[in-house]
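Engineer: What follows is a single structure, and I will ask about it in a moment.
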Amino acid sequence: MRKTRSRRFIPATALALAAITSLAACSGGGGGGGEQGGGSGSGSGAASGTDPDKFTVMTANENPTLESLLTQLSEDQCAAENEALPIEHQKVAQADVVQKITLLASQDAMPAHTIAGTALIRPDGDLGAAGLVQDLQAALEDSGGWENVLPAAASTEENVYGGFVSMPYQYNIEGFWYNKQIFEEQGIEVPTTWEDLLAAADTLQQAGVQPMTTAGAQGFPLTRLMGMYIFRNVGPDAMEAIRDGDAKLTDEEYVAGAQALADLAATGYFGEGFTTRDGDTSTNLFLTGTAAMTYDGSWILGAVNDPERNQIGGENVGFFPFPEVEGGEGSIEQYPANAGAPMIISAKTYGPKVADWVSCIAENYGGLALNEAGVISGFTVNEEVTDISPNTAEIQELISGIDEETVLWFEALFDPKSNSLASTNATLLTTGQMTAEDYMAALQESIDANK
Amino acid sequence: MQSIFGDRKTIFILLGPALLLYTLLKVAPVAWSFGLSFFEGNTLRGFEWVGVDNFATFLNDDAALQAVWVSVVFAVAATVGQVTLGYLLALLYVFVLRKGSSLVRTIVFFPTILPTVAVALLFKSFVAVGDNQGPVNDIINFFGGESVEVLASTYGTMLTAIVMTLWSSMGFYAVLLYAGLLDIPEDVVESARIDGASGLRLVRHIILPLSLPILLSSIIFSFNSTLKVFDSLLALNNGGPGTSTSPLTLFMYRTAFEYAEYGYGSTIALVLTLLCLVFTLAVFRSTRRKVED
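Protein sequence lines, in the order shown, are assigned to chains A and B. Counting from 1 along the first sequence, just add 25 to a position and that's the residue number in the numbering used here. Going by the numbering used here, 55 is the number at position 63 of the second sequence; the sequence numbering is gapless.
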């Protein structure tokens, strides 16, 4: 009898202990979240937060240029700000951003300046709703630095984040990059309509040239083409209408976008093995003259300006905007644009010293990034630009001159789950394993389920 | 001795530290995760009690059910393959190669020590198409066929993943089962031979029943590791094309860490644990019945 009791006693104690621990864990997490929910507001421009001990900047492993440029600023133009509040770098893998920032924010340990996930920083996102995201328009207007932000960048951010809350260290426009020499040899004019583009691709294929390359393994380069077709066909507000529930992806004009992408893939214009092709391989196919066109963002300029990678020569690389769809509501002047990965300022640590850092970066980053790394940012260029490639100069000029509204990308306004689904299912759509109707229906179902 | 184990104090002193460590490192996180599956939210947004809603969502979630299917199909195919091949190799080592089997054992075991991601990248390049075409398509082209985009299809990806798993793990099961076969008393095998049993009959009536315990352990071990497959399917094709080769573990990872839904992520983890438990019990029960027969 006694033996039985003692045998039962040990596991019972262990289980009870575990149960208590689990309940304590749950209540602890809940409390933490609630506390954050009532955190500081993000609407004020005045530096109402408390300065941290260091200006900690967390950037993505995949973007070493940003760290290096900010370090250069801290040693030169922003040396005084760095003296008052020294810069300190932290790194995170792009794929771990949401996990890491969610954890840090819940522990009240978010860096002063950090990369974040797009959905997190929107007003209804976890960071936005918790009041942890500083409104940078109000901040820069307060410090007199707002004039250093390009209007196009401000407009793009407003569209995607619901406010100007990210430092626009990159400002990218997207379109088709083409091999001028191949176009000339085949007597092809730069296409301005979708039909022209298909005709040009057909001519190239007939001549034995691979018409296009795309990094299908990443998914998003495929959905970019579909999204742009929809923007040109339905109009620049096409995806806002989906977000607001005024239209469905299963509507005929949206399905037409998915069908256009499926048809494009079925013709074989992307070449063999495009579904498993990664970004670098795809860029190399274009820059070695194997493929005549590629749809990409202006970040490709880094590779175009690299003589080791660019074997066709910068003079043979041209750019044209995504063509119009005949009879569509969109215009060829409406460039798709984005401001890179979001880099927010924590509202909690937005004190006077951080405010000085933000003003200094806004004033000096544009010129430094262009001169030192050939990176086009959403800041104005306030210093003389010397020695940049004609390709970069062309795109920089184009961006400065954008006066039409810009458009986002296909998944920009989706919830994270639907965003992921759009990219992953693109392979099924482009290999004929999923019809255009099924692709859009699955996506719409996901959007409805995650509202 | 009996008086020592009959003393409660001694039991506590001997078991206490290990039990405490086990509770803190194993039982507590599992119980924590179990508790979280009744909540919705994350550490930043806070947690909200939702009762059994997450379980109801799971049962109506097509993506979740597809992930269960992928996990089960992969586990069954990989287990059947790796245990069968492992057993055949073990028989080869014991009855054919005998003492000269050490070189073959080492060569076949070697892939086990390679990191799964490296193996996945290797197999990815084997089946590649395009400018960097791999040897599989080179062979197809050599015989006049057209290149196949293996990783563009669900079947192609799954088949590659299973072949990859078999290649990298059969050596391990072969060694495990080899150790079990060595334990079979030589005199039993000898007397069976004298009675006229040889070849398949010897294996069927003597070797197989006597190696059943180690075979059972291998099957359970294999099921539990393949049901939790993650890195190989992620590195091979990111759970694609689409989400058609995305197992429960990958679905759980994405839900918890990419979409920051810790509650639903914990629910998926619990389902996976239950699945492992059900498979283990099923294997146990079916084999016990066989042994009793």
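Beta carbons are placed, not taken as given, at the ideal position from N, Cα and C, and that holds for glycine. Here the structure is a predicted model, which means the values were calculated and not measured.
Nearest-angstrom Cα distance between T127 (chain A) and L152 (chain A)?
Structural biologist: Their backbone Cα atoms lie some 8 Å apart in a straight line.
Engineer: Which of the three DSSP states is assigned to Q115 (chain A) in this structure?
Structural biologist: In this structure, Q115 (chain A) counts as strand in the three-state DSSP scheme.
Engineer: Between S224 (chain B) and chain A, is any beta-carbon pair separated by less than 8 Å?
Structural biologist: By this cut-off, S224 (chain B) is not an interface position.
Engineer: Using a beta-carbon distance cut-off of less than 8 Å, what residues from the segment 196 to 220 of chain B approach chain A?
Structural biologist: Taking 8 Å as the Cβ-Cβ cut-off against chain A, none of the residues of the segment 196 to 220 of chain B qualify.
Engineer: Which residues of the segment 121 to 139 of chain A have a Cβ closer than 7 Å to any Cβ of chain B? Give them in chain order.
Structural biologist: Of all residues in the segment 121 to 139 of chain A, V123, Q124, T127, L128, A130, S131 have a Cβ within less than 7 Å of some Cβ in chain B.
Engineer: Pull up the distance between the alpha-carbon of A130 (chain A) and that of K378 (chain A), whole angstroms please.
Structural biologist: If I take the Cα positions, the gap works out to 21 Å.
Engineer: Is it buried or exposed, A105 (chain A), if we count other Cβ atoms within 10 angstroms and call 16 or more buried?
Structural biologist: Exposed, by the Cβ-count rule.
Engineer: Starting from the beta carbon of N450 (chain A), find every residue of chain B whose beta carbon is closer than 7 Å, and list them in chain order.
Structural biologist: Within 7 Å Cβ-Cβ: G234.
Engineer: 8 Å is my cut-off, CB to CB: does D151 (chain A) come that close to chain B?
Structural biologist: Yes, its Cβ sits closer than 8 Å to a Cβ of chain B.
Engineer: I'd like to know if F134 (chain B) contacts chain A, where contact means its C-beta is closer than 8 Å to some C-beta of that chain.
Structural biologist: Not closer than 8 Å to any Cβ of chain A, the Cβ of F134 (chain B) fails to qualify, so no.
Engineer: Check the Cβ-Cβ distances between T301 (chain A) and every residue of chain B, and say whether any is below 8 Å.
Structural biologist: Interface residue, yes.
Engineer: Taking a contact to mean a Cβ-Cβ separation below 8 Å, would you say S224 (chain B) touches T146 (chain B) in this structure?
Structural biologist: Taking 8 Å as the Cβ cut-off, S224 (chain B) and T146 (chain B) do not qualify as a contacting pair.
Engineer: For the segment 41 to 55 of chain B, enumerate the residues whose C-beta is nearer than 8 Å to any C-beta of chain A, in chain order.
Structural biologist: Cβ contacts with chain A: none found.
Engineer: So, with DSSP's three-state summary, where would you put E40 (chain B)?
Structural biologist: Strand, per DSSP.
Engineer: Name the two residues that bound the continuous alpha helix (DSSP H) containing P415 (chain A).
Structural biologist: Element bounds for P415 (chain A): 415 to 425.
Engineer: Write down the C-beta distance between N396 (chain A) and T411 (chain A) rounded to the nearest angstrom, noting that I regard them as a contact closer than 8 Å.
Structural biologist: With a Cβ gap of about 7 Å, N396 (chain A) and T411 (chain A) count as contacting.
Engineer: Return the chain-ordered list of same chain residues with a C-beta closer than 8 Å to the C-beta of E436 (chain A), the five sequence neighbours on each side being excluded.
Structural biologist: Excluding residues within five positions, the ones whose Cβ falls inside 8 Å are F245, T248, G252, S443, N444, A447, S448.
Engineer: Taking a Cβ distance cut-off of 7 Å, strictly less, list which residues of the segment 80 to 94 of chain B are near chain A, in chain order.
Structural biologist: The segment 80 to 94 of chain B vs chain A, Cβ under 7 Å: nothing.
Engineer: Within the continuous beta strand (DSSP E) that includes P236 (chain A), where are the two ends?
Structural biologist: Counting along the chain, the beta strand (DSSP E) containing P236 (chain A) begins and ends at 235 to 238.
Engineer: Just to confirm, are E182 (chain A) and S191 (chain A) a CB contact at a threshold of 8 Å?
Structural biologist: Closer than 8 Å, so yes.
Engineer: Kindly say whether F249 (chain B), judged by its beta-carbon, lies nearer than 8 Å to any beta-carbon of chain A.
Structural biologist: Closer than 8 Å to some Cβ of chain A, the Cβ of F249 (chain B) qualifies, so yes.
Engineer: Provide the residue(s) that pair with F435 (chain A) in DSSP beta bridges, ordered along the chain.
Structural biologist: Looking at the DSSP assignment, F435 (chain A) forms no beta bridge with any residue, so it has no partner.
Engineer: Could you give the DSSP three-state label for D271 (chain A): helix, strand or coil?
Structural biologist: Coil, per DSSP.
Engineer: Give the range of the beta strand (DSSP E) segment to which D321 (chain A) is assigned.
Structural biologist: Segment 316 to 322, the beta strand (DSSP E) holding D321 (chain A).
Engineer: Please check the pair G170 (chain A) and S425 (chain A), which I expect to be a contact at CB under 8 Å, by giving their CB distance rounded to whole angstroms.
Structural biologist: Wrong, their Cβ atoms sit about 18 Å apart, outside the cutoff.
Engineer: Would P233 (chain B) and Q243 (chain A) be called neighbours here (beta carbons separated by less than 8 Å)?
Structural biologist: Going by C-beta atoms, P233 (chain B) is not nearer than 8 Å to Q243 (chain A).
Engineer: For R334 (chain A) versus L312 (chain A), is the C-beta distance shorter than 8 Å?
Structural biologist: Yes, the pair counts as a contact, with Cβ atoms nearer than the cut-off.
Engineer: In this structure, does DSSP put S191 (chain A) in helix, strand or coil?
Structural biologist: Three-state DSSP puts S191 (chain A) in a strand.
Engineer: Taking G137 (chain B) as the query, report the chain A residues whose CB atoms sit under 8 Å from its CB, ordered along the chain.
Structural biologist: Those within 8 Å of G137 (chain B) in chain A number zero; the least Cβ separation is about 14 Å.
Engineer: Can you list, in chain order, the residues of its chain with a C-beta nearer than 7 Å to that of E40 (chain B)? Leave out the 5 residues immediately preceding and following it.
Structural biologist: Contacts found: F31, E32, G33.
Engineer: Count the other CB atoms within 10 Å of the CB of V100 (chain B); is the residue buried (16 or more) or exposed (fewer)?
Structural biologist: Classification of V100 (chain B): buried, given that the 10 Å Cβ count is 16 or more.
Engineer: Can you give me the start and stop residues for the beta strand (DSSP E) that W202 (chain A) sits inside?
Structural biologist: Residues 197 to 204.
Engineer: If you measure between the beta carbons of Y196 (chain A) and Y390 (chain A), is that distance less than 8 Å?
Structural biologist: It is not a contact, given that the beta carbons lie outside the stated cut-off.
Engineer: With the cut-off set at 8 Å, would you say F404 (chain A) and L98 (chain A) are in Cβ contact?
Structural biologist: Contact: no.
Engineer: Helix, strand or coil for T272 (chain B)? Go by DSSP, reduced to three states.
Structural biologist: Three-state DSSP puts T272 (chain B) in a helix.
Engineer: Going along chain B in order, which residues have a C-beta closer than 7 Å to the C-beta of I155 (chain A)?
Structural biologist: Reading the sequence as shown, one finds Ala at residue 155 (chain A) and not Ile. Going along chain B in sequence order, the residues near A155 (chain A) (Cβ under 7 Å) are L36.
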